[in-house]
Amino acid sequence: MNIQNIAIIGGGPAGFMVAVVAAENSSGKIHIDIFEKNITLKTILYTGNGRCNLSNEIYDYKELASNYPRGEKFLYSAFSRFGVKETLDWFYRHGVETYVQEDNRIFPTTDKASTIRDMFIQRAENISINILSHTSTKKIIKKDDKFVVQMENFTKEYDKVIIATGGSSRDLQNSGYELAKSFGHRITELKPSLTALRTKENFVQKLAGVSVKNAEISSYFLKVDCHVGAEAHPRNDGRLITKFKGDFVFTHKGVSGPVIFKTSAYCAYLNYSKNNPLLLKINFLPDLNRETLEKELLEEFNSNPHKSLDNILKKYLPKSLIDALLEEAKLDTDKKASQITKEDRKKILKILTETELTVISHEPEGEIVTAGGVCLKEINPKTMESKLVSGLYFCGEVMDIDGLTGGFNLQACWSTGFIAGINIFKEIL
Ligand SMILES: Cc1cc2nc3c(=O)[nH]c(=O)nc-3n(C[C@H](O)[C@H](O)[C@H](O)COP(=O)(O)OP(=O)(O)OC[C@H]3O[C@@H](n4cnc5c(N)ncnc54)[C@H](O)[C@@H]3O)c2cc1C
Numbered sequence: 392m393n394i395q396n397i398a399i400i401g402g403g404p405a406g407f408m409v410a411v412v413a414a415e416n417s418s419g420k421i422h423i424d425i426f427e428k429n430i431t432l433k434t435i436l437y438t439g440n441g442r443c444n445l446s447n448e449i450y451d452y453k454e455l456a457s458n459y460p461r462g463e464k465f466l467y468s469a470f471s472r473f474g475v476k477e478t479l480d481w482f483y484r485h486g487v488e489t490y491v492q493e494d495n496r497i498f499p500t501t502d503k504a505s506t507i508r509d510m511f512i513q514r515a516e517n518i519s520i521n522i523l524s525h526t527s528t529k530k531i532i533k534k535d536d537k538f539v540v541q542m543e544n545f546t547k548e549y550d551k552v553i554i555a556t557g558g559s560s561r562d563l564q565n566s567g568y569e570l571a572k573s574f575g576h577r578i579t580e581l582k583p584s585l586t587a588l589r590t591k592e593n594f595v596q597k598l599a600g601v602s603v604k605n606a607e608i609s610s611y612f613l614k615v616d617c618h619v620g621a622e623a624h625p626r627n628d629g630r631l632i633t634k635f636k637g638d639f640v641f642t643h644k645g646v647s648g649p650v651i652f653k654t655s656a657y658c659a660y661l662n663y664s665k666n667n668p669l670l671l672k673i674n675f676l677p678d679l680n681r682e683t684l685e686k687e688l689l690e691e692f693n694s695n696p697h698k699s700l701d702n703i704l705k706k707y708l709p710k711s712l713i714d715a716l717l718e719e720a721k722l723d724t725d726k727k728a729s730q731i732t733k734e735d736r737k738k739i740l741k742i743l744t745e746t747e748l749t750v751i752s753h754e755p756e757g758e759i760v761t762a763g764g765v766c767l768k769e770i771n772p773k774t775m776e777s778k779l780v781s782g783l784y785f786c787g788e789v790m791d792i793d794g795l796t797g798g799f800n801l802q803a804c805w806s807t808g809f810i811a812g813i814n815i816f817k818e819i820l
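If you read the sequence shown in the numbering used here, its first letter stands for residue 392, the second for the next number, and so on.
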């Protein structure tokens with residue numbers, strides 16, 4: 392029997408998914424080596440705060456794909472073939488039971504990311520996948536119809552190579568991007584995504600750890616043109632860029648949490664900085680119509696003339712937050728309701744519905760994923776094979792695909808990994 396040699400560069404979730412799917416379907420006709428420069432499946436242990444948010448309960452493939460600021464249309468094919476249902480079935484068949492949290496996020500029932508790692512490692516060992524940890528791939532050369540893969544201390548020939556090296560916008564030496572570039576692939580601009588945001592305003596320091604539920608955060612670019620994703624979208628000064636509802640938390644230097652991550656993902660390509668900041672407007676009470684709120688406040692003040700301002704407003708927001716915001720707006724927290732002027736009421740309304748923060752950077756080195764990667768125009772979405780070099784495949788975050796928080800980034804690894812794995816063995820049979 393003619394055995395085909397397959398090299399998988401990168402032992403993360405995408406690499407392991409390809410390896411297991413290909414090996415399970417090839418009836419022993421392939422030999423797989425996984426090369427991992429560090430420890431295999433290390434990152435997965437940190438996912439979902441150690442619980443591994445492996446997917447999100449969205450069964451419609453188009454709706455699922457709408458959670459990817461980059462890669463949406465490319466993923467249609469993979470998701471329609473191997474979407475959330477197929478993924479959960481696959482994990483179930485591999486001994487991993489899952490449950491859906493209230494917010495649609497999906498976790499293993501053990502609530503332990505190690506369950507996912509252990510399953511992959513055990514399965515890989517059972518089906519004779521060769522795992523080489525601490526083995527970095529330096530170079531890949533195509534020689535006739537074979538790939539020569541070079542490691543630090545040895546080289547080996549392969550029939551097919553899968554690049555599943557994940558994302559990074561900083562450490563590019565020996566990265567999958569460099570390997571892909573050596574085959575003529577274009578790498579789109581790399582940017583951190585799903586990050587906390589740093590603000591100019593120092594008062595956030597006092598609020599570090601204070602969390603806010605269901606706020607509406609709008610972002611505005613204050614200056615010149617910019618672009619979202621690979622396509623250029625010039626915007627005028629002061630125009631609205633994003634508007635999302637969700638939870639967030641104040642940090643020592645700014646803001647973080649789900650709605651901030653989402654904002655950061657859609658603003659990943661806006662080169663905001665101290666001199667070119669982003670403006671965030673926070674509506675703490677988005678479900679209350681402005682006029683209704685104005686009326687309600689007036690009634691509160693009139694019927695509680697002796698109550699202090701912060702006491703009245705704590706009905707709406709945590710007291711520490713109210714105190715910091717009133718101080719910032721130069722309003723006396725102890726001021727009695729009867730003393731509140733029309734001008735004060737305007738300020739209070741602005742605090743509750745339009746608090747402004749000036750974003751000067753994302754949290755350095757704090758990203759969850761990388762936006763940008765191997766250009767999708769050069770990859771076949773039905774097979775994950777390179778359109779430039781036959782026998783070369785890509786999957787996972789190394790491609791120009793990134794999702795929002797909620798299990799979407801791992802789902803992209805499972806789906807693209809499955810498609811690559813299936814197609815590798817299909818071509819061999
Ligand atoms: C803290 C944190 C929490 C997260 N939580 C979630 C979550 O709950 N849900 C979710 O969906 N997503 C989450 N993500 C994102 C998710 O982990 C990634 O999108 C996913 O790991 C990408 O998988 P991958 O296999 O493409 O790449 P990676 O996981 O990055 O794996 C690639 C591997 O390739 C190796 N490698 C790179 N270059 C080489 C080379 N030249 N030679 C050999 N090996 C190489 C790397 O060492 C790495 O181990 C989280 C990310 C972080 C950082």
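Glycine is no exception: its CB is placed at the ideal position from the N, C-alpha and C atoms.
What does the alpha-carbon distance come out to for the pair residue i and residue j?
i: residue 482; j: residue 746; result: 44 Å
i: residue 607; j: residue 632; result: 13 Å
i: residue 686; j: residue 739; result: 13 Å
i: residue 498; j: residue 689; result: 46 Å
i: residue 810; j: residue 526; result: 25 Å
i: residue 562; j: residue 597; result: 34 Å
i: residue 783; j: residue 766; result: 14 Å
i: residue 489; j: residue 791; result: 28 Å
i: residue 604; j: residue 586; result: 19 Å
i: residue 670; j: residue 584; result: 18 Å
i: residue 535; j: residue 775; result: 21 Å
i: residue 812; j: residue 408; result: 7 Å
i: residue 462; j: residue 427; result: 25 Å
i: residue 787; j: residue 721; result: 50 Å
i: residue 636; j: residue 726; result: 32 Å
i: residue 804; j: residue 478; result: 11 Å
i: residue 749; j: residue 591; result: 5 Å
i: residue 425; j: residue 680; result: 56 Å
i: residue 573; j: residue 814; result: 23 Å
i: residue 648; j: residue 432; result: 25 Å
i: residue 419; j: residue 551; result: 16 Å
i: residue 663; j: residue 593; result: 18 Å
i: residue 496; j: residue 439; result: 10 Å
i: residue 821; j: residue 770; result: Residue 821 lies beyond the residue range present for the chain, which begins at 392 and ends at 820; the question has no answer from this structure.
i: residue 825; j: residue 668; result: With the chain covering only 392 through 820, there is no way to say anything about residue 825.
Considering only their Cβ atoms, is the gap separating residue j from residue i smaller than 8 Å?
i: residue 612; j: residue 676; result: no
i: residue 773; j: residue 468; result: yes
i: residue 447; j: residue 412; result: no
i: residue 764; j: residue 445; result: no
i: residue 577; j: residue 503; result: no
i: residue 555; j: residue 403; result: yes
i: residue 752; j: residue 630; result: no
i: residue 808; j: residue 398; result: no
i: residue 654; j: residue 610; result: yes
i: residue 466; j: residue 656; result: no
i: residue 473; j: residue 777; result: no
i: residue 659; j: residue 762; result: yes
i: residue 401; j: residue 558; result: no
i: residue 638; j: residue 650; result: yes
i: residue 601; j: residue 523; result: no
i: residue 816; j: residue 553; result: no
Measuring alpha carbon to alpha carbon, tell me which of the options ends up nearest residue i.
i: residue 460; options: 431, 800, 805, 439; result: 800
i: residue 537; options: 744, 757, 395; result: 395
i: residue 735; options: 716, 805, 450; result: 716
i: residue 436; options: 777, 505, 665, 556; result: 505
i: residue 582; options: 455, 565, 594, 560; result: 560
i: residue 491; options: 721, 737, 410, 450; result: 450
i: residue 710; options: 697, 401, 724; result: 724
i: residue 549; options: 423, 592, 636, 477; result: 423
i: residue 694; options: 779, 409, 731; result: 731
i: residue 532; options: 816, 802, 780, 668; result: 780
i: residue 374; options: 601, 672, 697; result: Given that the chain is displayed from residue 392 to residue 820, the structure contains no residue 374 and the question cannot be resolved.
i: residue 733; options: 692, 712, 771, 706; result: 692
i: residue 737; options: 696, 705, 684; result: 684
i: residue 415; options: 518, 553, 486; result: 518
Check whether the Cβ of residue i lies closer than 7 Å to any heavy atom of ligand 3, and answer yes or no.
i: residue 405; result: You won't find ligand 3 in this model; what it holds is ligand 1.
Are the region 633 to 643 and the region 690 to 708 touching, with three or more C-beta to C-beta distances below 8 Å?
-> no
Inside the region 780 to 812 only - beta strand (DSSP E) runs reaching at least 3 residues | 783 to 785
Pairing CB atoms from the region 511 to 528 with CB atoms from the region 537 to 557, are three or more of them under 8 Å?
-> Touching, yes, given that three or more Cβ pairs across the two stretches are closer than 8 Å.
How do the region 743 to 758 and the region 497 to 515 stand: do at least 3 beta-carbon pairs fall below 8 Å, yes or no?
-> no
Take every Cβ of the region 568 to 578, pair it with every Cβ of the region 663 to 683, and state whether three or more of those distances are shorter than 8 Å.
-> The region 568 to 578 is not in contact with the region 663 to 683.
Every unbroken alpha helix (DSSP H) within the region 446 to 498, with a cutoff of 4 residues, ordered by chain | Here the runs fully enclosed are 452 to 456, 466 to 472, 475 to 484.
At which residue ranges does the region 489 to 561 contain complete beta strand (DSSP E) runs of 3 or more residues, listed in the order of the chain?
-> 489 to 491, 496 to 499, 521 to 523, 528 to 534, 537 to 542, 546 to 549, 551 to 554
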